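By the numbering used here, the letter at position 3 of the sequence shown is numbered 838, and the numbering carries on one by one without gaps.
One structure below.
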Amino acid sequence: MKFSKVPLAHLPTRIEYLSRLSEVLEGPQIYCKRDDQTGLGFGGNKIRKLEFLLAEALQNQARTLVSVGAIQSNHCRQVAALAARAGLDCILVLSGKQPELATGNLYLDQLFGAEIVWADRDNRLQLLDAVIEQARKDGRAPYKIPYGGSNAVGAMGYMEAMHELREDEKQLGFNFDWIVTASSSGGTQAGMILGALAWLFTGKILGIAIEGTTAELSQIIRQLISECMDLNQLHMRVPESMINVNDAYTGMGYGVMGEPEVESIRLFAKHEGLLLDPVYTGRAAAGMIDLIRKGFFSKEEKVLFWHTGGTPALFAEPYLSQLQ
Ligand SMILES: Cc1ncc(COP(=O)(O)O)c(C=O)c1O
């Protein structure tokens, strides 16, 4: 790959066989890739993207990382930790209402020293641009990290992760039939698809949509794949059949935890001592569990649940009360 990265993540992440959960669900053999343990600032999937984005920021002589997300954004918490580690300033544009007591990811943003600018969900992207403009005028050399870290540079983190997975498969002595992962701003899945093509992954990748429709998210992923190929001067044909998004589990909308997420969080915790999160991995696991119950996977198949992190949100309201 042509682009450099700043190696920060604890890699390779481990793969664990979830024998008890596999038994309880009476379906395929379920494994888990622990990207919730990528190391920096409680880890998560964004660290892989941010390794590449930070390299570009440093090349541009940036002194301030600026990004955007929801009040409990895992992405923003990882950006804040990254800025602290790199000795840069951090400004986060967060949608939501400033609470009296910061909990979960927001609490961590503050510990990492990020400056918070409050926004509405509708205007947060405009506000992001205005904040960047102001930071530029103030001589703070801002570098914009897009929503979810999902652009061509960020997607390279998951393209590279598929090379890691192919090495994991060699060590394990078998190949996975499926990867199931949470998909939201699309960069994780787009990178995985490109990496699957580049390193000849033989299984299928299924993204469980966190919000939006299959058509919308597939289009975002298609676009990111094309931009990432341009950036790397790759000339591969990406078959449409590789872009698999299931939007049946978006429930009551982004960030609203319902019964399916509560069940999946409890199942993973009780049977495996593994923590999921209320917004992303809880929803993706709920989708996987429902598909298992419907017989979507055969018993012989090996399914890799790619854990993308997010657990600090377990300690934030309203999730904390809902899970009591
Ligand atoms: C825990 C977690 N999982 C999955 C995702 C989705 O990744 P992507 O935005 O690359 O689709 C996110 C995004 O914020 C996340 O925080």
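Glycine residues also receive a C-beta, built at the ideal position from the N, C-alpha and C atoms.
All values derive from a computational prediction rather than experimental measurement.
Leaving aside the five residues before and after residue i along the sequence, list all residues of the same chain whose C-beta is less than 7 angstroms from its C-beta, in chain order.
i     : result
A1119 : V1015, T1016, A1017, I1043
R920  : L843, L875
K1137 : P863, Q864, Y866, F1009, F1011, D1012
E1096 : P1113, G1117, R1118, A1121
Between residue i and ligand 1, is the CB less than 8 angstroms from at least one heavy atom?
i     : result
N986  : no
N1010 : no
A1151 : no
S1099 : no
A1017 : yes
G874  : no
Y1115 : yes
N1079 : no
D957  : no
S908  : yes
D944  : no
T1023 : yes
T899  : no
N880  : yes
E868  : The identity of residue 868 in the sequence shown is Lys, whereas the question assumes Glu. No, ligand 1 has no heavy atom inside 8 angstroms of this Cβ.
D1112 : yes
G1122 : no
T1143 : yes
G904  : yes
G1047 : no
S1053 : no
Can you give me the C-alpha to C-alpha distance between residue i and residue j, rounded to a whole angstrom?
i     : j     : result
G1130 : L943  : 40 angstroms
L941  : G1026 : 27 angstroms
K1105 : D964  : 44 angstroms
M836  : T848  : Note on M836: pLDDT 48, under 50, position unreliable in the model; the coordinate value appears next. The straight-line gap from Cα to Cα measures roughly 20 angstroms.
G860  : S1099 : According to the sequence shown, residue 860 is Leu rather than Gly. The straight-line gap from Cα to Cα measures roughly 11 angstroms.
R1001 : F838  : 21 angstroms
D871  : M1071 : 30 angstroms
Q1157 : A1151 : 10 angstroms
G1008 : I906  : 42 angstroms
Q1006 : V952  : 46 angstroms
V1114 : E1075 : 28 angstroms
I1127 : E950  : 43 angstroms
L1032 : W1141 : 18 angstroms
R869  : L1111 : 11 angstroms
D1125 : R1101 : 15 angstroms
Q1068 : S1020 : 23 angstroms
R898  : L856  : 45 angstroms
T1085 : G1093 : 10 angstroms
M991  : F1132 : 29 angstroms
Using C-beta distances below 6 angstroms, list every residue in its chain close to residue i, excluding the 5 sequence neighbours before and after it, in chain order.
i     : result
A937  : Q945
F877  : P1147
Y852  : Y866
Y903  : Reading off the sequence shown, one finds Val at residue 903, where the question assumed Tyr. Closer than 6 angstroms at Cβ, skipping near neighbours: V928, R959, L963, Y982.
A918  : L900, C925
W1034 : M997, H998, R1001
V841  : E886, L889, A890
F947  : A915, A916, A919
M1077 : I1028
A892  : Y978
By Cβ distance below 8 angstroms, which residues in the same chain neighbour residue i in space, the five residues on each side in sequence not counted?
i     : result
Q896  : A976
V1195 : This structure leaves residue 1195 out entirely; the chain is present only between 836 and 1159.
D1082 : A1044, G1047, T1048, T1049, L1052
Are the beta-carbon atoms of residue i and residue j separated by less than 9 angstroms?
i     : j     : result
N1079 : L1041 : yes
E999  : L846  : yes
S985  : I1060 : no
Y982  : N880  : no
S930  : A954  : yes
G939  : E995  : no
I882  : Q933  : no
With 16 as the cutoff for other CB atoms within 10 Å, does residue i come out buried or exposed?
i     : result
G1108 : exposed
D973  : exposed
H910  : buried
T1143 : buried
T1037 : exposed
M1123 : buried
G1088 : exposed
E1004 : buried
S854  : exposed
Q1159 : exposed
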